[in-house]
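Input: a single structure, listed below in structure tokens.
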Amino acid sequence: MNVTLHHGDITRQYADVIVNAANSTLLGGGGVDGAIHRAGGPRILAECRDLRNRRFQAGLPTGEAAVTTAGDLNARWVIHTVGPVHSPTEDRSGQLLSCYTSALRLADELGAGSIAFPAISTGVYRWPMDDAARLATAAVRFTPASVTDRRFVLFDEDALAVFGDALRGTGPDDATIAAGLAAQPVHRWRRLFEVAGDDEPKDLERGDEILALVGALVKDLVFDWRSWIRVTPWVPSGPDLDDAPVADAARLAVAFVQRRRFDDAALRECVRGGALRAIVTRLRRWFEGERGASAR
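Laid out in structure tokens, this is it:
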């Protein structure tokens, strides 16, 4: 999976999916919405009207996504999503995150291989660019989906620079993290699995020992864990990690080791709930079966 930044007009992108920062009426508007309707032609508006009549008679809800033809655009589909208006008194970041995650999951269902996003809600909806970029890059980097080519297309050079800083802040990608794990000395891995054994640790003291050993393996991993935690499905329970990239097991381990989210009581519940066992199990499966490929 690759996340890239592009400077220019999103309507000129060649991609399976172009994401439209729509309004709830689905009938076109200003900014990116108007540009996509103008460049895509009347077929997009016709399908939007059909969506309104069939599914969204009250309008497309904020944070949700719907798909139409791409009309005359160099794409197969347009996915429309409605961003939230920024509020200084109400936290609507979950709705903004949902715009990106909903669009990605819908693109996944369509079988898309590439998707192009604008900076949702940063225009007339007044979302501060730096915060919007932090949320957007985390959502697009970390949302599980088979869409391998994920792009942000930004018309403004200042926005491009802000998104670049935010993307770097999300830290290394999955392949880089796996390569870093593969470079760790074998004796550290063996010691971890020896101490962890096969049983779930029931007490915090033993959990601390295991976390310390895991911490030695991920000590150089730096990323914006606050942003990742907001979009990952693995926190705080962890058991579903078996289906996740090993990089997400490493990221979750960092969140536990640094304890910035978890006090002792919360961490104890995670240990008892199986999260630490899930991390170790995923790391063990990677070490025993996938490590060689990561080292190449």
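The opening position of the sequence shown corresponds to residue 233 in the working numbering, with each subsequent residue numbered one higher. Ideal Cβ placement from N, Cα and C applies to all residues, glycine included.
Going by the CB atoms, is the gap between residue j and residue i shorter than 8 angstroms?
i, j, result
"D405", "W309", "no"
"G295", "S353", "no"
"D216", "N234", "No answer is possible for residue 216: the residues shown for the chain start at 233 and end at 528."
"V503", "G439", "yes"
"A593", "W457", "An answer regarding residue 593 cannot be provided, because it is not within the stretch 233 to 528 covered by the chain."
"A344", "L292", "no"
"L328", "I250", "no"
"V489", "L445", "no"
"L508", "F384", "no"
"A377", "A398", "no"
"V180", "R281", "Nothing about residue 180 can be reported from this structure: the residues present for the chain run from 233 to 528 only."
"G273", "G266", "no"
"T243", "I276", "no"
"F349", "G403", "no"
"F582", "A302", "The structure shown does not extend to residue 582, since the chain spans only 233 to 528, so no value can be given for it."
"L449", "L413", "yes"
"S325", "L367", "yes"
"A351", "A391", "yes"
Can you tell me whether residue i is buried or exposed, with buried defined as 16 or more other CB within 10 angstroms of its CB?
i, result
"H269", "buried"
"G429", "exposed"
"V379", "buried"
"H312", "buried"
"S330", "buried"
"S319", "exposed"
"A307", "buried"
"T375", "buried"
"V418", "exposed"
"R420", "exposed"
"T369", "buried"
"E279", "buried"
"A415", "exposed"
"P360", "exposed"
"R286", "exposed"
"A533", "No answer is possible for residue 533: the residues shown for the chain start at 233 and end at 528."
"R422", "exposed"
"R514", "buried"
"A510", "buried"
"A497", "exposed"
According to DSSP, what are the bridge partners of residue i?
i, result
"D253", "Here residue 253 is Ala; the residue named in the question, Asp, does not match the sequence. For A253, which the question treats as bridged, DSSP gives the partners T313."
"T301", "W309"
"T236", "R383"
"F349", "F384"
"T513", "BP columns for T513 are empty, so no partner."
"T354", "Bridge partners of T354: none, in fact."
"T294", "V314"
I'd like the list of long-range same chain contacts for residue i, defined as Cβ closer than 7 angstroms, with 5 residues on each side in sequence excluded.
i, result
"D480", "T464, W466, L473"
"H239", "L386, E389, L392"
"S334", "G295, E296, A297, T313"
Within the same chain, show all residues whose beta-carbon is closer than 6 angstroms to that of residue i, passing over the 5 residues directly before and after it, in chain order.
i, result
"I409", "A479, A482"
"A339", "V249, I347, V379"
"A407", "none"
"F519", "W421"
"S459", "R366, A370"
"D362", "V394"
Taking CB distances under 8 angstroms as the criterion, tell me whether residue i reaches chain C.
i, result
"G412", "Absence of chain C from the displayed structure is noted, only one protein chain being present."
By Cβ distance, which residues of its chain are closer than 8 angstroms to residue i, with the 5 residues on each side in sequence left out?
i, result
"G263", "A253, G355, V356"
"V372", "V235, Y332, L336, F349, R382, F384"
"V512", "L424, F425, A428, I442, V446"
"D241", "A267, V385, F387"
Exercise. In chain order, which alpha helix (DSSP H) runs of at least 4 residues are fully inside the region 367 to 437?
Worked result: 389 to 401, 406 to 414, 418 to 428
Exercise. Could you give the uninterrupted runs of the alpha helix (DSSP H) lying entirely in the region 312 to 344, keeping only those of 4 residues or more?
Worked result: 325 to 342
Exercise. If you scan the region 440 to 485 from start to end, which runs of the alpha helix (DSSP H) of 4 or more residues do you find wholly inside it?
Worked result: 457 to 463
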